[in-house]
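Peer 1: Starting off with a structure, shown below.
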Amino acid sequence: MDRANHSVVSEFVFLGVSNTWEIQLVLFVFSSMFYVASMMGNSLIILTVISDSHLHSPMYFLLANLSFIDLGASSVTAPKMIYDLFRKRNVISFGGCITQIFFLHVIGGVEMVLLISMAFDRYVAICKPLHYQIIMSQKVCILLLGAAWIIALFHSMIQLIFVLKLPFCGPNVLDSFYCDIPRVIKLACTDTYRLEIMVTANSGFISLGSFFMLIISYIFIMITVWKHASGGLSKALSTLSSHIMVVVLFFGPCIFVYTWPHSTSNLDKYLAIFDAALTPFLNSVIYTFRNKEMKTAMRRVCSQLIVYRRIS
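The opening position of the sequence shown corresponds to residue -13 in our numbering, with each subsequent residue numbered one higher.
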């Protein structure tokens, strides 16, 4: 379809988060600090998993891929938001906006499937330990990762097809600092009620359903351990607590934004900042500081890097 025949909007204007200089300064410091920390933390996790042979297992394979996705999640919206904080006029081209939406939903879709895969991995490890190596083989891990990318790409393309068919003839002002479907479709020069329902069903209810499915699976794991292993419940809780925290951090903002797409409160913006800058950082912190094996491996990798730097 030739978009030029249906739309005269060539760019979108962001209103940003706030016009108050003090708030902008706080957001600049906060976002910059956590963006850099997130990039460093997740990069270190990937490097550690690749470098340390002790971590060549399904759990850490999935964790390294989650960290890779978190690198992307940090980079889709945070850099432009930080760059735009002190600019008087914040704009993004139509193509840039569509690209941002595409990667936003691809990354979100991959992370969603990875979190479900990690929950399955923990279920097998805790409830079927004798069959763990057979069930969670290298082939299965690669298939899970491939499925995550295929599902995410399919989900994102469905969203974009509907957006690209909409006519945009003005206005072109987005009350946000990034492009996403719930706000963009409101600017279309046509009735978008059915499309808003589709977005709620496609993104909102899928997020809500996946969240409850994960929580129920963790409860099932804990009940299974409690019934079959004396004193094993505390160990299971210790193992699963980091996964549960990451699930809540990821799905919380998604459920709020996509289940109530008509909301235009500033809470949406602050949740988006939290999701873009802070959540990827917290993921790396949670999985690192609550995992003794990972901390030990990171120390080994950091020591090797220091020695290598001194020699060179």
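Even for Gly, the Cβ is constructed at its ideal location relative to N, Cα and C.
1) Within 10 angstroms of its Cβ, does Asn76 collect 16 or more other Cβ (buried), or is it exposed?
2) Tell me whether the region 279 to 289 and the region 33 to 44 touch, counting them as touching only if at least three CB pairs, one residue from each stretch, are closer than 8 Å.
3) For the region 13 to 22 and the region 61 to 69, state whether three or more C-beta atom pairs, one from each stretch, are separated by less than 8 Å.
4) Would you please state the rounded distance, in angstroms, between the beta carbons of Pro266 and Asp56? I believe it to be under 8 Å.
5) Apply the 10 Å Cβ neighbour rule to Gln86 and answer buried if 16 or more other Cβ atoms are within range, or exposed otherwise.
6) Return yes when the Cβ of Ile102 is within less than 9 Å of the Cβ of Gly227, no when it is not.
7) Where Ser29 and Tyr273 are concerned, what is the direct C-alpha to C-alpha distance, given to the nearest angstrom?
8) How far does the beta strand (DSSP E) with Ser79 in it reach, from first residue to last?
9) Is the region 87 to 106 touching the region 156 to 173, taking contact as three or more C-beta pairs under 8 Å?
10) Give me the DSSP bridge partner(s) of Glu182.
11) Are at least three pairs of beta-carbons, each pair with one atom in the region 197 to 208 and one in the region 115 to 128, less than 8 Å apart?
12) Report the start-end ranges of each alpha helix (DSSP H) in the region 252 to 285 that is 4 residues or longer and not cut off at the edges.
13) Reducing DSSP to helix, strand and coil, say where Phe148 ends up.
14) According to DSSP, is Leu57 helix, strand or coil?
15) Start and end of the alpha helix (DSSP H) containing Val12?
16) Helix or strand or just coil, what does DSSP make of Phe140?
17) Looking at the structure shown, is Ala(-10) part of a helix, part of a strand, or coil, going by DSSP?
18) Ordered along the chain, which non-local residues of its own chain (more than five positions away) have a Cβ less than 7 Å from that of Asn51?
19) Quick one, which of Asn269, Ala174, Phe106 has its alpha-carbon nearest Phe206's?
20) Tell me, please, which residues DSSP counts as bridged to Val(-1).
21) Looking at the structure shown, is Ser123 part of a helix, part of a strand, or coil, going by DSSP?
22) Whole angstroms is fine: what's the gap from Phe0's alpha carbon to Lys74's?
23) Return the Cβ separation of His229 and Met25 in integer angstroms, given the expectation that the two are a contact with Cβ distance under 8 Å.
24) Can you tell me whether Asp177 is buried or exposed, with buried defined as 16 or more other CB within 10 angstroms of its CB?
25) Would you give the residue range spanned by the alpha helix (DSSP H) that Ile167 belongs to?
26) With a Cβ-Cβ cutoff of 9 Å, do Cys127 and Ser193 count as a contact?
27) With DSSP run on the structure shown, which of helix, strand or coil describes Pro239?
Peer 2: Based on what the coordinates show:
1) buried
2) yes
3) yes
4) 4 Å
5) buried
6) Going by the sequence as given, residue 227 is Ser instead of Gly. In this structure, Ile102 does not lie closer than 9 Å to Ser227 by Cβ.
7) 13 Å
8) 76 to 79
9) yes
10) Its beta-bridge partners do not exist; DSSP assigns none.
11) no
12) 252 to 259, 265 to 275
13) helix
14) helix
15) 7 to 37
16) helix
17) Unreliable positioning characterises Ala(-10) in this predicted model, as indicated by a pLDDT of 43, which lies under 50. The coordinate reading is nonetheless provided below. Helix.
18) Leu100, Leu131
19) Phe106
20) Val77, Val159
21) coil
22) 10 Å
23) That pair is no contact at about 23 Å.
24) exposed
25) 167 to 170
26) no
27) helix
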